[in-house]
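Protein sequence lines, in the order shown, are assigned to chains A and B.
All residue numbers for the first sequence refer to the numbering used here, where the first residue is 1 and numbers rise by one.
All residue numbers for the second sequence refer to the numbering used here, where the first residue is 1 and numbers rise by one.
Read the structure below first, then the notes.
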Amino acid sequence: MQTPVNYLARKHWKQTGIIALIGGIYLLSSYVLKFDGLGGVIAIPKAFAWLGINFRPTANSTQYLPSIWQKLLGTVMLAIASTVVASIIAIFVAILGSKVTGGNSIIQTIVRGIASFFRNIPLVAWAMILLFSFKQSDFTGFLALLLMSVGYLIRAFMEIIEDEASETMLALKATGASYFQVIFQAVIPQIMPSLISWILYMIENNVRDATLVGILTGTGIGFVFDIYYKSFRFDAAGMTVLSIIIVVIVLELLSNQIRKVIL
Amino acid sequence: MLEVKHLEKSYQKDKPALTDINFSVEPGTFVAIIGPSGAGKTTILRSLNQLIKDDGGQILLDGGDIRTANKTQLRHYRRQIGMVFQNYNLVERLTVIENVLHGRLGYKSTLAGVFGRYTEEEKQEALTLLKKVGLEEFALQRCSDLSGGQKQRVGIARSLIQHPKIILCDEPIASLDPASSQTVMQLLKDLTTEFNIICIANLHQIGLAKDYADRIIGIRHGKMVFDEDADTLSEEILETLYDQNATEELG
């Protein structure tokens, strides 16, 4: 017979066991990989000190600012463009695939499959694959971000539709409204705030990722960073990173402000 | 006139949710369906406009069977049947008048509905109905800014603009405070008489059911236990409906 007291005691032992197990896995894998955890931690302050000295933008590095900002603006535009196109594609696919608005279970499974396929191939891999077909151009970066975002947004939009729109959908269906009337009059207006919130998040995310993609596709701010870095102009590279940080923070503040207004 | 004959439904095999439901309602009647949770009240209500597909029987609205209607016919039946929900089910982000106008969608072409093009008469009627439910000043407010009782009155206006023969109310006051509950029940009672429609409401509050409804149907374990005039309903019959011991024996 299980009493509440020994149930709680057993739960306590279970939790201790799980923590011990996780610790054991860490120790075992560091042993296998010959990874020196403590040494790594001790090296962190030194690494930051090196960064601070070498990557610190100097008065001299302000001369790079115009070209940095020009490229950065292009990169932000690229991220916004790819996110917007991805959102438009994703909303229609999500409507097709969600449990409440979607077609039959075969269509739902296919949509889920497509979304997870695009989502689970890493961005870097997409960029590398697309490089073969589209060479080093902005379009390659645009497409890589687009495919990745479509995967994420389909999944997110489907969940939003299922969580937020099913009740109003039911109400409009009961009035005798047709499928498309229900979608445009109930589903889309109802989910719009969450939709915009996700799109803003995706834009922030894509600005960061666009930098990485740029290094691979030789375009945008990533390319500029890559050049400075490889030509040992660390102060300029530091200036580039600083500019990216500023832009990302500004974008985040901006989208938080937009969220406050629309929600 | 609404006639329900031998309505059956089971969600799982050998576990009937509804067995042999029979009743008929004349226009101008306010019917309350009462019974314990899980008795099948919502299943009955949603079968009437086929949001839930039942398994057998007949549902006749002025002689036509809703159960065997094809897609277009079903839309035509549904627009004659308004529905009011416990959680109001409004598009919270849209204005009050837009939500009321949604009740007209069943009468519009797909394209006009998709773009929300309503005629001048429809807009005027929406305003008239809002006045009737006491919300004419709120026409341009977002529904998310309204109180629960106000939202439910918007829901009622939305069903009225359908020019319904029936209004189905699924626990219309379960989320409301006592004062708002009274307002909503009084409104439903008055509208039933004024528009000569059938109003069927699922309720948990026996007191309110007796005060406002003309007829009370008791449901337990998917079966009709009684179907009586609200005035003549006796305490003994009510007790059989909610008797704990009997419930446990059967459950």
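The beta carbon of each residue, even a glycine, is placed where N, CA and C say it ideally should be.
{"Asked": "Answer yes or no: do residue 103 of chain B and residue 141 of chain B have a C-beta to C-beta separation smaller than 7 Å?", "Found": "no"}
{"Asked": "Could you check which residue in B/27, B/19, B/21 and B/12 has the C-alpha nearest to that of residue 194 of chain B?", "Found": "B/27"}
{"Asked": "Starting from residue 219 of chain B, trace the beta strand (DSSP E) in both directions and tell me its first and last residue.", "Found": "215–220"}
{"Asked": "Using three-state DSSP, classify residue 136 of chain A as helix, strand or coil.", "Found": "coil"}
{"Asked": "Suppose you measure from the CA of residue 108 of chain B to the CA of residue 129 of chain B; what does that come to, to the nearest Å?", "Found": "19 Å"}
{"Asked": "Which same chain residues, not among the five before or five after residue 233 of chain B, have their C-beta less than 6 Å away from its C-beta?", "Found": "216"}
{"Asked": "I'd like to know whether the C-beta of residue 130 of chain B is nearer than 7 Å to at least one C-beta of chain A.", "Found": "no"}
{"Asked": "Using a 10 Å radius around the Cβ and a threshold of 16 neighbouring Cβ atoms, would you call residue 250 of chain B buried or exposed?", "Found": "Reliability fails at residue 250 of chain B, whose pLDDT of 44 lies under 50, so the model's placement of it is uncertain and the value that follows must be treated cautiously. With fewer than 16 other Cβ atoms within 10 Å, it is exposed."}
{"Asked": "Indicate the three-state DSSP secondary structure (helix, strand or coil) for residue 20 of chain A in the structure shown.", "Found": "helix"}
{"Asked": "Skipping 5 residues on each side, what residues in its chain have a beta carbon closer than 6 Å to that of residue 196 of chain B?", "Found": "27 and 28"}
{"Asked": "Give me the Cβ distance between residue 145 of chain A and residue 209 of chain A, rounded to the nearest whole Å; I'm assuming they're in contact under 8 Å.", "Found": "6 Å"}
{"Asked": "Do three or more CB pairs link the stretch 78–87 of chain A to the stretch 201–221 of chain A at distances below 8 Å?", "Found": "yes"}
{"Asked": "Go ahead and label residue 7 of chain A buried or exposed: buried means 16 or more other beta carbons lie within 10 angstroms of its beta carbon, across all protein chains shown.", "Found": "exposed"}
{"Asked": "So what does residue 229 of chain B bridge to, in DSSP terms?", "Found": "B/215"}
{"Asked": "In chain A, which residues lie less than 8 Å from residue 90 of chain B when you measure between Cβ atoms?", "Found": "168 and 171"}
{"Asked": "On the three-state DSSP scale, how would you describe residue 181 of chain B?", "Found": "helix"}
{"Asked": "Count the CB pairs spanning the stretch 83–101 of chain A and the stretch 155–171 of chain A that are closer than 8 Å, and state whether there are at least three.", "Found": "yes"}
{"Asked": "Could you spell out where the alpha helix (DSSP H) holding residue 26 of chain B opens and where it closes?", "Found": "Element bounds for residue 26 of chain B: n/a, residue is neither H nor E."}
{"Asked": "DSSP has residue 30 of chain B in a bridge; who is on the other side?", "Found": "B/199"}
{"Asked": "Which whole-angstrom value is the C-beta distance of residue 136 of chain B and residue 127 of chain B, which I expect to be below 8 Å?", "Found": "7 Å"}
{"Asked": "Report the rounded CA-to-CA distance for residue 127 of chain A versus residue 109 of chain A, giving the unit in angstroms.", "Found": "27 Å"}
{"Asked": "Roughly how many angstroms separate the alpha carbons of residue 124 of chain A and residue 141 of chain A, rounded to a whole number?", "Found": "10 Å"}
{"Asked": "Should residue 44 of chain B be labelled buried (16 or more other beta-carbon atoms within 10 Å of its own) or exposed?", "Found": "buried"}
{"Asked": "Quick one: does residue 106 of chain B have its CB under 7 Å from some CB of chain A?", "Found": "yes"}
{"Asked": "Can you tell me whether residue 6 of chain B is helix, strand or coil according to DSSP?", "Found": "strand"}
{"Asked": "Taking just the CA atoms, how far does residue 212 of chain B sit from residue 181 of chain B?", "Found": "11 Å"}
{"Asked": "Leaving aside the five residues before and after residue 200 of chain B along the sequence, list all residues of the same chain whose C-beta is less than 6 Å from its C-beta, in chain order.", "Found": "31 and 168"}
{"Asked": "Rounded to the nearest angstrom, what separates residue 9 of chain B and residue 199 of chain A at their Cα positions?", "Found": "43 Å"}
{"Asked": "Under 9 Å Cβ-Cβ, which residues of chain A neighbour residue 148 of chain B?", "Found": "Going along chain A, no residue has its Cβ under 9 Å from residue 148 of chain B, so there is no contact; the nearest lies around 15 Å."}
{"Asked": "How is residue 16 of chain B classed by DSSP in three states: helix, strand or coil?", "Found": "strand"}
{"Asked": "Between the stretch 64–80 of chain B and the stretch 140–157 of chain B, can you find at least three pairs of beta-carbon atoms closer than 8 Å?", "Found": "no"}
{"Asked": "Please confirm if residue 190 of chain A has its CB atom under 7 Å from at least one CB of chain B.", "Found": "yes"}
{"Asked": "Counting only beta-carbon separations shorter than 7 Å, does residue 101 of chain A have a partner in chain B?", "Found": "no"}
{"Asked": "Of all the options A/215, A/211, A/260 and A/261, which has the alpha carbon lying nearest to the alpha carbon of residue 247 of chain A?", "Found": "A/211"}
{"Asked": "With which residues is residue 64 of chain B paired in a DSSP beta bridge?", "Found": "B/61"}
{"Asked": "For the candidate residues A/181, A/170, A/222 and A/148, whose alpha-carbon lies nearest to that of residue 50 of chain B?", "Found": "A/170"}
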